[in-house]
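Each residue of the sequence shown is one higher than the last, beginning at 1 in the UniProt record's numbering.
Glycine included, C-beta positions come from ideal geometry on N, C-alpha and C.
Keep in mind it's a predicted model, so treat the numbers as computed, not measured.
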Amino acid sequence: MEVKRIYVFSPGLRLWHWVNFLSILTLFITGLYIGNPFFLGPTGYEATYAYDKGITMDFIRKVHFIAGYVFLSGFIFRVIIALFSKRDRIFIPPLWRRDYWIGLKEVTLKYALIMKDKEGSEYIRNACARTVYPLVYLLFLFMIITGFAMYGMSKPDGFWASLFGWVIWFLGGEFMAHMWHHWVAWIIIVFAILHVYFVIREEMIKRNGELTSMFNGYKVFEKDPVDVEDIKG
Numbered sequence: 001m002e003v004k005r006i007y008v009f010s011p012g013l014r015l016w017h018w019v020n021f022l023s024i025l026t027l028f029i030t031g032l033y034i035g036n037p038f039f040l041g042p043t044g045y046e047a048t049y050a051y052d053k054g055i056t057m058d059f060i061r062k063v064h065f066i067a068g069y070v071f072l073s074g075f076i077f078r079v080i081i082a083l084f085s086k087r088d089r090i091f092i093p094p095l096w097r098r099d100y101w102i103g104l105k106e107v108t109l110k111y112a113l114i115m116k117d118k119e120g121s122e123y124i125r126n127a128c129a130r131t132v133y134p135l136v137y138l139l140f141l142f143m144i145i146t147g148f149a150m151y152g153m154s155k156p157d158g159f160w161a162s163l164f165g166w167v168i169w170f171l172g173g174e175f176m177a178h179m180w181h182h183w184v185a186w187i188i189i190v191f192a193i194l195h196v197y198f199v200i201r202e203e204m205i206k207r208n209g210e211l212t213s214m215f216n217g218y219k220v221f222e223k224d225p226v227d228v229e230d231i232k233g
């Protein structure tokens, strides 16, 4: 059967995806350590040996802050490429279109194992993904705001404190800001795990390049995707 090979993901989007992945992974691991320091190794390191090996809270915090700036820069970059490239804003759900709601029903039934994966229409970015991704981006924004609000507490008269200091008060104080930051971090990690699962599932069932597309930019289809016009122009 002849398949259609369509260029879906731009180099900028793919670069952002992998930089974002690495920054989130770094932020999560260092964040867990900052929230609950633990010993490393089979018996742990005493403070003196931890310092000799460079495994100090100061070092971990610096790594966390650097990753935070990378995460922020990546988020800004993601917004910019979405503004200037139609292909890079396909995550936006077209709520005004009938095919979006049909697709949302189809994909939900497939994920619930009620409809076979080969049935229904094909999509470059299915309706479930286009529903979830904007919410995930809002979670990213929440983590940036709360993260830099807490970061700004170390310098109350600094830039970040003046920009996001009100967030600490809004969330109920320093402790609650930390807790909200922690909870949302876990939500993002759960999403990432599900994201990997569904990408691998899609690749194994349809062999459509879902897994490799974030490396080479291409996906393959047996027929024209319903939303192919969303990446043209």
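- In this structure, Leu171 keeps its C-beta atom at 8 Å or more from the C-beta atom of Trp183.
- The continuous beta strand (DSSP E) containing Ile6 extends over residues Lys4 to Tyr7.
- In chain order, Val19 and Ser23 place their CB closer than 7 Å to the CB of Val70, counting only its own chain and leaving out the 5 sequence neighbours on each side.
- Here Ile60 has Thr30, Tyr33 and Ile34 as same chain residues with Cβ atoms under 7 Å from its own Cβ, once five neighbours each way along the sequence are excluded.
- Between Pro225 and the set Gly103, His64 and Pro37, the nearest pair of CA atoms involves Gly103.
- Residue state for Tyr218 is assigned as strand, using DSSP reduced to three classes.
- Taking the Cβ atoms as the reference, Ala149 lies roughly 6 Å from Gly165, within the contact range of under 8 Å.
- Going by C-alpha positions, Asp157 is about 24 Å away from Met57.
- In its chain, beyond the 5 residues on either side, Ile90, Phe91, Ile92, Pro93, Pro94 and Tyr100 have a beta carbon closer than 8 Å to the beta carbon of Arg130.
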